[in-house]
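Numbering (the numbering used here), first residue to last: 463 to 554. C-beta atoms are modelled at their ideal positions from N, C-alpha and C, and glycine is treated no differently. Structure first, commentary second.
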């Protein structure tokens, strides 16, 4: 998200107010036993078809990871998931 902010500022474009959370931090909290939390490895572990370095696949895989984590915690909302994982929202 820092890259997005930097590009917008570089081109003197408005930076929107966005909240987000990090699926890497989420995966580390939910599956601490995994040797790696890289998207490629998470995709392999959970059977998610993932093409590395493809922005759409990055987003889709992160979404799938969030859904799997929500299932594991028994949460139906992102807000509930973030709270259960002990994470906070970040601002761009």
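Take residue i and list the residues in its own chain whose beta-carbon comes closer than 8 angstroms to its own, dropping the five residues that flank it on each side.
i           : result
residue 549 : 483, 484, 487, 488 and 491
Should residue i be labelled buried (16 or more other beta-carbon atoms within 10 Å of its own) or exposed?
i           : result
residue 499 : buried
residue 504 : buried
residue 523 : buried
residue 543 : buried
residue 554 : exposed
residue 531 : buried
Taking the alpha-carbon of residue i as reference, which of the options has the nearest alpha-carbon?
i           : options               : result
residue 533 : 514, 472 and 547      : 547
residue 551 : 531, 481, 510 and 519 : 481
Can you give the beta carbon distance from residue i to residue j, rounded, assuming they're within the 8 angstroms contact cut?
i           : j           : result
residue 496 : residue 512 : Not confirmed; about 15 angstroms, so no contact.
Using a Cβ-Cβ cut-off of 6 angstroms (strictly less than) and excluding sequence neighbours within five positions of residue i, which residues of its own chain qualify?
i           : result
residue 477 : 467 and 470
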